[in-house]
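See structure below.
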Amino acid sequence: SRKISRVPHCSLRYTKSEDRVIQSSEDVFAAEGDTVTLDCTFESSYTNNILFWYKQEVNGFPKYILKRGPYGDGNAPEFKDRFDAKLNKTSVPLKIQKLHLSDSAVYYCALSLTLFGDAHMDPAPLGI
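The opening residue of the sequence shown carries number 232 in my numbering; numbering runs sequentially from there.
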């Protein structure tokens, strides 16, 4: 089977000092056609959290994949079929099905209490 190249995995958060996103620093490798889950756990003193996932390809800008929150869920059209996430109390793992080589990228998980805020990035490597 053909291997998908390494995918660094980073976290992006809209900050408040007591709120944070926690992601694994482990590398994950998978074959084309496999299903993989990228973990994203968070700590927040609020219950109305909105969680986002983004994908950034080499030399590109982050692309919105999906959001999950109390005000509704949504996926970008190009990520509707194979990308999904379920928002739990402290996590929002991203599931990617039927992996393509083009899925190799940097993935960001973001936490926000509103749709706007100051962003802070904490890289944590993870790969497919």
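Glycine included, each C-beta is placed from N, C-alpha and C at the ideal position. Just so it is clear, the structure is predicted and the values come from calculations on it, not from any experiment.
Determine, using beta carbons only, whether A336 and Q287 come nearer to each other than 8 Å. By one-based count along the sequence shown, residue 336 stands at place 105. By one-based count along the sequence shown, residue 287 stands at place 56. It is a contact, given that the beta carbons lie within the stated cut-off.
By Cβ distance below 7 Å, which residues in the same chain neighbour T272 in space, the five residues on each side in sequence not counted? Position 41 of the sequence shown, counted from the first residue, corresponds to residue 272. Hits under 7 Å: I253, T321, S322.
Closest to T268 by CA distance: which of S343, L344, L330 is it? For the purposes of this step, residue 268 is taken as the residue at position 37 of the sequence shown. Answer by Cα proximity: L330.
I'd like to confirm something about L269: is its beta-carbon nearer than 7 Å to some heavy atom of the ligand ZN, or not? As for the ligand ZN, it is missing from this structure, which has no ligand bound.
Near Y328, which residues of its chain fall below 6 Å by C-beta distance, leaving aside the five closest residues on each side in sequence? As a position in the sequence shown, residue 328 is number 97, starting the count at 1. Here the sequence assigns Gln to residue 328, which means Tyr is not the residue at that position. Contacts found: T266, R313.
Please classify N279 as buried or exposed, where buried requires at least 16 other C-beta atoms within 10 Å of its C-beta. Position 48 of the sequence shown, counted from the first residue, corresponds to residue 279. Burial call: exposed.
Please return the same chain residues whose Cβ sits closer than 7 Å to the Cβ of E249, not counting the five positions on each side in sequence. Reading the sequence shown from its first residue, position 18 is the one you call residue 249. The answer, listed in chain order, is S276.
Simplified DSSP state of E288, which is helix, strand or coil: Stepping through the sequence shown from its first residue, residue 288 is reached at position 57. In this structure, E288 counts as coil in the three-state DSSP scheme.
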